[in-house]
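Undergrad: Taking the working numbering, the leading residue of the sequence shown gets 1, the next gets one more, and so forth. Just so you know, even glycine gets a beta-carbon here, dropped at the ideal spot from N, CA and C. The model shown is predicted, which means the values in this text are computed figures rather than measured ones. Okay, handing you the structure first.
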Amino acid sequence: MKILYGCLILGLTASAALADTLPSAKTPEVVKGVLSCLMAVDSHQVNVEILKKDGWGAVSASEAGKSVGLPIPLLSKGNIIILHKSGAETPICAVMAKVPNVSAVGDIANAIDIALKADRKIKDGKAIPAYWFPAEHIVELATTGSVDAPGVRIVVGYRK
Numbered sequence: 001m002k003i004l005y006g007c008l009i010l011g012l013t014a015s016a017a018l019a020d021t022l023p024s025a026k027t028p029e030v031v032k033g034v035l036s037c038l039m040a041v042d043s044h045q046v047n048v049e050i051l052k053k054d055g056w057g058a059v060s061a062s063e064a065g066k067s068v069g070l071p072i073p074l075l076s077k078g079n080i081i082i083l084h085k086s087g088a089e090t091p092i093c094a095v096m097a098k099v100p101n102v103s104a105v106g107d108i109a110n111a112i113d114i115a116l117k118a119d120r121k122i123k124d125g126k127a128i129p130a131y132w133f134p135a136e137h138i139v140e141l142a143t144t145g146s147v148d149a150p151g152v153r154i155v156v157g158y159r160k
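This is the structure we're talking about:
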């Protein structure tokens, strides 16, 4: 379990760094990524074929001109990066994106409210992180980056 957790952290870090190199994503693009993840995550896996049919393509990495393996599989589409992990007890699909400014995070949360048709839950009275519990799933929105270079990470998991 410690190795899986370590790989997840490495994958989140790598995908956040990669997302930072992309142009800022627009709110509808981020929401479409969340909806793609919702379609692909079930109780046993993240169905990569569903993601591919929805236009997501594999990300490759290289160092010094040579291909290198990634600690966790990454997919991209437009200005969004998705990482996924099927081998965990709870499969996850995470959307990573750079956003134009901090206020865009609130716009994304509001758009997710509408797309998921689920009430947003907050913790300790703070707007972010935010959580939604659509049928059989959990969706968590958190900020990444900094005030000068903000981003979002939205994790979609299956819940029993």
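With H, G and I counted as helix, E and B as strand and the rest as coil, what does DSSP make of Gly145?
TA: Taking the first residue of the sequence shown as 1, we reach residue 145 at position 145. Strand.
Undergrad: Compare the C-alpha of Asp54 against each of Glu63, Met39 and Ser67 and name the closest.
TA: Mapped onto the sequence shown, residue 54 falls at position 54. Asp54 has its Cα closest to that of Met39, out of Glu63, Met39 and Ser67.
Undergrad: Within the same chain, show all residues whose beta-carbon is closer than 7 Å to that of His137, passing over the 5 residues directly before and after it, in chain order.
TA: Here the question's residue 137 lines up with position 137 in the sequence shown. Within the same chain, His137 has close Cβ partners Leu38, Val41, Val156, Gly157, Tyr158 and Arg159.
Undergrad: Could you please give the first and the last residue of the uninterrupted beta strand (DSSP E) stretch that includes Glu63?
TA: For the purposes of this step, residue 63 is taken as the residue at position 63 of the sequence shown. Glu63 -> beta strand (DSSP E) spans Ala61 to Glu63.
Undergrad: Within a Cβ cutoff of 8 Å, which residues of the same chain sit near Thr27, ignoring the five residues on either side of it in sequence?
TA: Within the sequence shown, the letter at position 27 stands for residue 27. Once the five neighbours on either side are set aside, the close Cβ partners of Thr27 are Ala104, Asp107, Ile108 and Ala111.
Undergrad: Name, in chain order, the residues that DSSP records as bridge partners for Lys98.
TA: Position 98 of the sequence shown, counted from the start, is the residue given in the question as residue 98. Note: Lys98 sits in a beta bridge opposite Gly151.
Undergrad: CB Ile122 to CB Thr143, shorter than 7 Å?
TA: Within the sequence shown, residue 122 is the residue found at index 122, counting from 1. Within the sequence shown, residue 143 is the residue found at index 143, counting from 1. No. Outside cutoff.
Undergrad: Here's the rule: buried if 16 or more other CB atoms are within 10 angstroms of the residue's CB, otherwise exposed. What is Leu10?
TA: For the purposes of this step, residue 10 is identified with residue 10 of the sequence shown, where counting begins at 1. Residue placement at Leu10 is flagged as unreliable, the pLDDT there being 42, under the threshold of 50; a coordinate-derived value is accordingly withheld.
Undergrad: Provide the residue span of the alpha helix (DSSP H) that contains Val41, from first to last.
TA: Here residue 41 refers to the residue found at position 41 when the sequence shown is read from its first residue. Taken as a continuous stretch (DSSP letters only), Val41 belongs to no alpha helix (DSSP H), as it is neither H nor E.
Undergrad: Can you tell me the Cα-Cα spacing of Leu75 and Asn47, whole angstroms?
TA: By one-based count along the sequence shown, residue 75 stands at place 75. By one-based count along the sequence shown, residue 47 stands at place 47. Cα-Cα distance, rounded: 12 Å.
Undergrad: Can you give me the C-alpha to C-alpha distance between Val36 and Ser43, rounded to a whole angstrom?
TA: What you label residue 36 is simply residue 36 of the sequence shown in a count that begins at 1. What you label residue 43 is simply residue 43 of the sequence shown in a count that begins at 1. Per the sequence presented here, residue 36 reads as Ser, with Val not at that position. Near 16 Å, if we compare the C-alpha coordinates of Ser43 and Ser36.
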